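First comes the structure, then the notes that go with it.
Numbering (the numbering used here), first residue to last: 480 to 609.
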């Protein structure tokens, strides 16, 4: 029986960072769909994926979404660090982002892709404030 192999992958905060310019950040905020997160516990979940990889083929895209949270103060319960801006992703229907919002913030949801002409459909997110 072979032993499991563990590989450590080190990511350098400067050398392995793709820097986004202010113009690119504005473009993300303009392209994404946004909602205000009010103070309290906020839970974000992916509810439905009605997107396809290639229009007309019926091939489903995997359910995932990128989130940019900014403009206030939030504590992601997975990191327990209060920040004024953060990134997150939801990967699958069982994934959830739980945040304690201490100052109103903006959640911007969007997708990245290398091709824009062959996709269709929408993803539905649930944002619940407790």
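Built from N, CA and C at the ideal position, the CB exists for glycine as well.
Since the model is a prediction, treat every value here as computed from it, not as a measurement.
query, result
"Beta-carbon spacing of residue 602, residue 544 below 7 Å", "yes"
"Among 591, 540 and 528, the one whose alpha carbon lies nearest that of residue 605", "528"
"Boundaries (first-last residue) of the alpha helix (DSSP H) holding residue 506", "501 to 510"
"Residue 514 versus 546, 573 and 489, residue with shortest Cα-Cα distance", "546"
"Cutoff 8 Å; reference residue 583; Cβ partners in own chain excluding five residues on either side", "515, 516, 517, 518, 550 and 551"
"Distance CB(residue 567)-CB(residue 576) smaller than 7 Å", "yes"
"First and last residue of the uninterrupted beta strand (DSSP E) at residue 603", "599 to 608"
"Where residue 609 falls, given that 16 or more other Cβ within 10 Å makes a residue buried", "exposed"
"For residue 561: DSSP bridge partner residues", "554"
"Rounded straight-line distance, which links the Cα of residue 591 to that of residue 526", "19 Å"
"Status (buried if at least 16 other CB within 10 Å, exposed otherwise) for residue 523", "buried"
"Residue 572 versus residue 558 - alpha carbon distance", "21 Å"
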